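K.L.:
Residue numbers (this note's numbering): 7 to 310. Here a beta-carbon is modelled for each residue, glycine too, at the ideal position from N, C-alpha and C. This structure is a prediction, so every number in the text was calculated from the model and none was measured. Encoded as structure tokens, here's the structure I'll be asking about.
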Amino acid sequence: MIMNIIEVLARYFEQDTCIEHLESIRWQGAPQCPYCKSKQSTKRKETSRYQCNGCNKSYSVLVGTIFEATKLPLPKWFLAITLILNAKKGLSSLQLGRDIDVNRNTAWYLQMRIRKAMQEGEDQDLFTGIVEIDETYIGGKKANHSKKKRQERRDNGLQITGMQDKQAVLGMLERSGRIKLQVLDKAQGKTIKPVIEQTVSKDASLVTDGFGGYAGLGKQYKEHQILNKEKEEYTRGKYHTNTIEGFWTLLKRGVYGQYHKVSVKHLQAYLNEFTFKYNHRDNKSIFDTLINKCALQNNTPVFS
7 MIMNIIEVLA RYFEQDTCIE HLESIRWQGA PQCPYCKSKQ STKRKETSRY
57 QCNGCNKSYS VLVGTIFEAT KLPLPKWFLA ITLILNAKKG LSSLQLGRDI
107 DVNRNTAWYL QMRIRKAMQE GEDQDLFTGI VEIDETYIGG KKANHSKKKR
157 QERRDNGLQI TGMQDKQAVL GMLERSGRIK LQVLDKAQGK TIKPVIEQTV
207 SKDASLVTDG FGGYAGLGKQ YKEHQILNKE KEEYTRGKYH TNTIEGFWTL
257 LKRGVYGQYH KVSVKHLQAY LNEFTFKYNH RDNKSIFDTL INKCALQNNT
307 PVFS
């Protein structure tokens, strides 16, 4: 069970308590300069900062983490992390802002930094066993566009319906529990297959529908079960894609119900959030897991 709000408020109600917790995670009692890696430093009086005796720079435990340069108290960060983890279908920036008493832009900034920490590393073990693979498309229906926009499309000879303005997303779900989501420039074999190769073991059994982008995978993997859904073949014994299709339903309820609209630029970050929650859904220490990732997060640009 995820740590609830009452527990977080009781345990991390002060800035100093949060700092001490992050220091214990990152340094285990031995502060290290993030600039020169020296462990020789002097604690500054009445602050949470240290003075490095090697390069003479001042630093705190927040340097190099998602919390670096924040003006928001850490108890609000910890509370925001709890609220996000407890929101199965996502949490809008407006709602988060109301919950922790910040404006919408600040709440969105927090969410994007936390999603960055949620990103799973590339050093994960390859998926094995039965792996369900499917693609979906994120974006509004053209039929729901305003009358003016629909008329403009007709005038330009463009279709009102279709997938060309939606963003393709590839999903790979390991039957034993993990999922990986990847935004694609376009759903086709040359974009799909490299992602599968980087994620799935050659000893795995793949299950897909008859989409042409998956053609030829049977030559590279243990087996490739292709379900003919046009002929209403949705399962073949233990082989089906019901699990990942159920996940798509949850994802789209979150995107359309909570966030309403997600730009292509930031879509992968939102997918990282859903991926992390799914992959750690049985982790009773998910709060601690994410705080650890936040504390150890390398501070590369969030919005690049």
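Check each candidate in Leu233, Asp107, Cys58, Leu223 and name the one with the smallest Cα separation from Lys333.
P.N.:
Examination of residue 333 is not possible in this model, given that the chain is present from 7 through 310 alone.
K.L.:
How many Å lie between Cys61 and Arg50 at the Cα?
P.N.:
By 1-based counting over the sequence shown, the position of residue 61 is 55. By 1-based counting over the sequence shown, the position of residue 50 is 44. About 15 Å.
K.L.:
Alpha carbon to alpha carbon, what distance is there between Ile198 and Trp33?
P.N.:
Start at 1 with the first residue of the sequence shown, and residue 33 comes out as number 27. Start at 1 with the first residue of the sequence shown, and residue 198 comes out as number 192. C-alpha separation (whole angstroms): 41 Å.
K.L.:
Taking C-beta to C-beta, are Leu28 and Ala301 nearer than 8 Å?
P.N.:
Counting from 1 along the sequence shown, the entry for residue 28 is found at position 22. Counting from 1 along the sequence shown, the entry for residue 301 is found at position 295. Cβ atoms of Leu28 and Ala301: closer than 8 Å.
K.L.:
Which same chain residues end up closer than 7 Å to Leu256 when comparing Cβ atoms and leaving out the 5 residues on each side of it in sequence?
P.N.:
Position 250 of the sequence shown holds residue 256. In the same chain as Leu256, and ignoring 5 residues on each side of it, the C-beta atoms closer than 7 Å to its own belong to Lys95, in chain order.
K.L.:
Given that a residue counts as buried once 16 or more other Cβ atoms are within 10 Å of its Cβ, and exposed if not, what is Pro37?
P.N.:
In the sequence shown, residue 37 corresponds to position 31, counting from 1. So Pro37 ends up on the buried side.
K.L.:
With H, G and I counted as helix, E and B as strand and the rest as coil, what does DSSP make of Thr167?
P.N.:
Numbered from its first residue, the sequence shown carries residue 167 at position 161. Any reading at Thr167 must be qualified, since the residue scores a pLDDT of 42, below 50, and its modelled position is unreliable; no value is offered.
K.L.:
Smallest Cα separation from Thr247: which of Arg104, Lys258, Leu212, Phe19?
P.N.:
Along the sequence shown, one-based indexing puts residue 247 at 241. The shortest C-alpha separation from Thr247 is found at Leu212.
K.L.:
Give the DSSP-derived three-state secondary structure of Asp22 in the structure shown.
P.N.:
Within the sequence shown, residue 22 is the residue found at index 16, counting from 1. Looking at Asp22 - three-state DSSP - the assignment turns out to be helix.
K.L.:
Considering only C-alpha positions, which residue in the set Arg184, Ile12, Ala86 is nearest to Thr112?
P.N.:
Here residue 112 refers to the residue found at position 106 of the sequence shown. Residue Ala86 is the option with its Cα nearest to Thr112.
K.L.:
What does a CB cutoff of less than 7 Å around Glu251 pick up in its chain, not counting 5 residues either side in sequence?
P.N.:
Counting from one through the sequence shown, the residue named residue 251 turns up at place 245. Closer than 7 Å at Cβ, skipping near neighbours: Asp140.
K.L.:
Report back the beta-carbon spacing between Tyr276 and Tyr262 to the nearest angstrom; my notes put them in contact at under 8 Å.
P.N.:
By 1-based counting over the sequence shown, the position of residue 276 is 270. By 1-based counting over the sequence shown, the position of residue 262 is 256. Incorrect: roughly 12 Å between the Cβ atoms, too far for contact.
K.L.:
Thinking Arg119 and Asn278 are a contact (beta carbons under 8 Å), I'd like their distance in whole angstroms, please.
P.N.:
Numbered from its first residue, the sequence shown carries residue 119 at position 113. Numbered from its first residue, the sequence shown carries residue 278 at position 272. Between Asn278 and Arg119 the Cβ distance is about 12 Å, and since that is not below 8 Å, they are no contact.
K.L.:
Note down, in chain order, each residue of its chain lying with its Cβ closer than 8 Å to the Cβ of Glu229, except the 5 sequence neighbours on either side.
P.N.:
Counting from one through the sequence shown, the residue named residue 229 turns up at place 223. Excluding positions up to five away in sequence, the list reads Ser211, Leu212.
K.L.:
Since Arg119 sits in a beta bridge, which residues does DSSP pair it with?
P.N.:
Your numbering for residue 119 matches position 113 in the sequence shown. BP columns for Arg119 are empty, so no partner.
K.L.:
Mind checking which residues open and close the beta strand (DSSP E) that includes Tyr143?
P.N.:
One-based indexing of the sequence shown puts residue 143 at position 137. Note, Tyr143: beta strand (DSSP E), 136 to 144.
K.L.:
Going straight from the alpha carbon of Ile292 to that of Tyr240, what length do you get?
P.N.:
Against the sequence shown, residue 292 aligns to sequence position 286. Against the sequence shown, residue 240 aligns to sequence position 234. Whole-angstrom Cα-Cα distance: 34 Å.
K.L.:
Between which two residues does the alpha helix (DSSP H) holding Ser99 run?
P.N.:
Mapped onto the sequence shown, residue 99 falls at position 93. From DSSP, the alpha helix (DSSP H) with Ser99 extends over 99 to 106.
K.L.:
Could you tell me which residues DSSP puts in a beta bridge with Ala174?
P.N.:
Along the sequence shown, one-based indexing puts residue 174 at 168. Its beta-bridge partners are Tyr143, Leu190.
K.L.:
Does DSSP put His27 in a helix, in a strand, or in coil?
P.N.:
For the purposes of this step, residue 27 is taken as residue 21 along the sequence shown, with counting starting at 1. Helix.
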